[in-house]
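Trainee:
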Ligand code: LLP
């Protein structure tokens, strides 16, 4: 993994001794490297140099406040998909005008909240939503700024569950429908419709589908301009993939930026990008202790104290995450393990048949590439409290999310003692 290679035998991550850290804060523990996140932000800024471009970090990738704050300090705005993410972004100090609101099912309450906060732009995904924004903005006596999310009907060549740009996906509208919205824009006097948006999928390892989709957006933008519409914003979504396993090649930010540079040459508005994973995935590891090693009839299981409730990606997408033993492996034989958690489901498996140095109960392992879509997809399934999270920087660490206590986990529950009529 970038920025963090070959530190596992020494067990030092961004200057912090992981064994000591695990002893202090317990496991499972999410650990995020602040320098790694900063370096990704810098690299993206550099790649986008010369373009009038803004970064709208996809909060869903990792919405932990301290992570958001770090990204905000580096100049990121936010791409949000719920009232909760809106509040997180604002709490982290991201200016409302630097927030774009995406998502196929924004409720009236969420639209009202976003208008009240003054979010910069709505990415609209359906005619019903456009009507709702018009109605709510009119009632508030304000003007909403919006882009149409087009569905470019491009195969992103990624996992089916995270592919979003094909016509059969629920996202966005056909270019022909978007065109009709622009032509009838006076129907929505409280919506300033002056942008295009798209997001074709996540964990894109090939830039070819991006180039194709961006080209379709560029052609449409030019047609709109010829028809007399003024376009202020072109938002190409997120999706830049990262290298989770050996042999995978992640696209370079510079090549991505070059695609935008070529396709949008002559565009005088703002270009927006909404990366999530690319900024944070490789900056995070999930530290976990080996509870025990179990020799089954057919397989050898490494049972960790982390489980699918902490990190769902392997169970949900059969996603690969590198797993390393923390400590010096010299002289240890290699063995094949099924690396599993303690949750009562066979799907609670992080890796099958994974070759690792011999591991023993009480030892520490790290699951890599878990800065994105890891903690943010966590749950308390099996009544397991949410893990703690720390940010490490220059040999020090900050506890940025306390381990959830049992009392906090059940705080909103109560016995059925009061019965109400709806
Ligand atoms: N913009 C929009 C409108 C999105 O829907 C997404 C992600 C992004 C930006 C950020 O995409 P990224 O740069 O992170 O690829 N849970 C899945 C990923 C789901 C992504 C959903 N949308 C996973 O663990 O792989």
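Numbering (our numbering), first residue to last: 738 to 1159. Think of the CB as a built atom: it goes at the ideal place given N, C-alpha and C, for glycine as much as any other residue.
1. By Cβ distance below 8 Å, which residues in the same chain neighbour residue 738 in space, the five residues on each side in sequence not counted?
2. Between residue 907 and residue 1033, what straight-line distance do the alpha-carbon atoms span, to the nearest angstrom?
3. Exposed or buried, what is residue 828 when buried is set at 16 or more other beta-carbons lying within 10 Å of its beta-carbon?
4. State the beta-bridge partners of residue 1087 as determined by DSSP.
5. Just verifying my parser: in three-state terms, what is the DSSP assignment at residue 908?
6. How long is the line joining the alpha carbons of residue 1017 and residue 776, rounded to whole angstroms?
7. Tell me the DSSP secondary structure of residue 1124 in three-state form.
8. Ignoring anything shorter than 4 residues, give me the alpha helix (DSSP H) runs that lie fully in the segment 813–840, in order along the chain.
9. Where does the unbroken alpha helix (DSSP H) through residue 870 begin, and where does it stop?
10. Let me confirm a value: residue 912 is counted as buried when at least 16 other C-beta atoms fall within 10 Å, else exposed. Which label applies?
11. Anyone know if the C-beta pair for residue 765 and residue 1024 falls short of 8 Å?
12. Is residue 847 near the ligand LLP, going by C-beta to nearest heavy atom under 7 Å?
13. How far does the alpha helix (DSSP H) with residue 777 in it extend, from its first residue to its last?
14. Leaving out five residues before and five after residue 825 in sequence, what residues of the same chain have Cβ atoms less than 7 Å from its Cβ?
15. Could you pull out every residue in the same chain whose Cβ sits closer than 7 Å to the Cβ of residue 955, ignoring the five residues on either side in sequence?
16. In whole angstroms, give me the CA-to-CA distance for residue 925 and residue 854.
17. Using 7 Å as the cut-off, classify the Cβ of residue 816 as near or not near the heavy atoms of the ligand LLP, replying yes or no.
18. If I follow the unbroken alpha helix (DSSP H) through residue 992, where does it start and stop?
19. I want to check one thing, is the minimum distance from the CB of residue 1012 to the heavy atoms of the ligand LLP below 7 Å?
20. Among residues of its own chain, excluding the 5 on either side of residue 790, which ones have a beta-carbon nearer than 6 Å to its beta-carbon?
21. Does the distance between the C-beta of residue 1015 and the nearest non-hydrogen atom of the ligand LLP fall short of 7 Å?
22. Assign residue 843 to one of two classes, buried (16 or more other C-beta atoms within 10 Å of its C-beta) or exposed (fewer than that).
23. Answer with buried or exposed for residue 1157, where buried requires no fewer than 16 other C-beta atoms within 10 angstroms of its C-beta.
24. Verify the contact flag: residue 975, CB atom, against every heavy atom of the ligand LLP, threshold strictly below 7 Å.
25. Which stretch, first to last residue, makes up the beta strand (DSSP E) that contains residue 1182?
26. Which of helix, strand or coil does DSSP assign to residue 1110?
27. What are the boundary residues of the beta strand (DSSP E) that residue 811 is part of?
28. Throw me the rounded Cβ distance for the residue 748 and residue 1064 pair, which I believe falls under 8 Å.
29. Going by beta-carbon coordinates alone, are residue 1026 and residue 1048 separated by less than 8 Å?
30. In or out: residue 808 buried (at least 16 other Cβ within 10 Å) or exposed?
31. Under 7 Å: does the beta carbon of residue 1110 sit that close to some heavy atom of the ligand LLP?
32. Could you give the C-beta distance for residue 850 and residue 886, rounded to a whole number, given that I count them as a contact under 8 Å?
33. From the DSSP secondary-structure annotation, give me the bridge partner or partners of residue 930.
34. Measuring CB to CB, does residue 972 end up less than 8 Å from residue 938?
35. Excluding the 5 residues flanking residue 873 on each side, which residues of the same chain have their C-beta closer than 7 Å to its C-beta?
36. Sorted by chain position, which residues of the same chain lie with C-beta nearer than 8 Å to residue 740's C-beta, five sequence neighbours on each side aside?
Mentor: Reading it off the structure:
1. For residue 738, the predicted structure reports a pLDDT of 48, less than 50, and the residue's modelled location is therefore unreliable. The matter cannot be settled from this model.
2. One C-alpha to the other measures close to 43 Å.
3. Exposed, since its Cβ has fewer than 16 Cβ neighbours within 10 Å.
4. Note: residue 1087 is not bridge-paired with any residue in the DSSP secondary-structure output.
5. Residue 908 carries a coil assignment under DSSP once its states are collapsed to helix, strand and coil.
6. Between the alpha carbons of residue 1017 and residue 776 lies a distance of about 10 Å.
7. In the structure shown, residue 1124 sits in coil (DSSP, three-state: anything other than H, G, I, E or B).
8. For the segment 813–840, the full-length alpha helix (DSSP H) segments reaching 4 residues or more read 820–828 along the chain.
9. Residues 864–877.
10. Residue environment: residue 912 is assigned as buried (16 or more neighbouring CB atoms within 10 Å of its CB, all protein chains considered).
11. Contact: yes.
12. Short note on residue 847: C-beta not closer than 7 Å to any heavy atom of the ligand LLP.
13. Start and end: 771–785.
14. Hits under 7 Å: 796, 800, 802, 805.
15. Excluding residues up to 5 positions away in sequence, 1000, 1001 lie with their Cβ nearer than 7 Å to the Cβ of residue 955 in the same chain.
16. Straight-line measurement puts the Cα of residue 854 at about 21 Å from the Cα of residue 925.
17. Closer than 7 Å to some heavy atom of the ligand LLP: that describes the Cβ of residue 816.
18. Residues 990–1000.
19. Within the cutoff, so yes.
20. Excluding sequence positions up to five before and after residue 790, its CB lies within less than 6 Å of the CB of 1008, all in the same chain and listed in chain order.
21. In this structure, residue 1015 has its beta carbon less than 7 Å from a heavy atom of the ligand LLP.
22. Within a 10 Å sphere around the beta-carbon of residue 843 sit 16 or more other beta-carbons, which makes this residue buried.
23. Answer is exposed; the Cβ neighbour count stays below 16.
24. For the ligand LLP, at least one heavy atom lies less than 7 Å from the Cβ of residue 975.
25. No statement about residue 1182 is possible, as the shown extent of the chain runs from 738 to 1159 and does not include it.
26. In this structure, residue 1110 counts as coil in the three-state DSSP scheme.
27. According to the DSSP assignment, residue 811 belongs to no beta strand (DSSP E), since it is labelled neither H nor E.
28. Between residue 1064 and residue 748 the Cβ distance is about 6 Å, and since that is below 8 Å, they are a contact.
29. In this structure, the beta-carbon distance from residue 1026 to residue 1048 does not fall below 8 Å.
30. Under this definition residue 808 is a buried residue.
31. Look at residue 1110: its beta carbon is less than 7 Å from one of the heavy atoms in the ligand LLP.
32. In fact, because the Cβ distance is near 20 Å, the residues do not count as touching under 8 Å.
33. Beta-bridge pairing links residue 930 to 883.
34. No, they are not a contact pair.
35. Apart from sequence neighbours up to five positions away, the residues of its chain that approach residue 873 with a beta-carbon distance below 7 Å are 845, 848, 849, 852, ordered along the chain.
36. Interpretation of residue 740 is limited by its pLDDT of 44, a score under 50 that renders its predicted location unreliable; no figure is taken from the coordinates.
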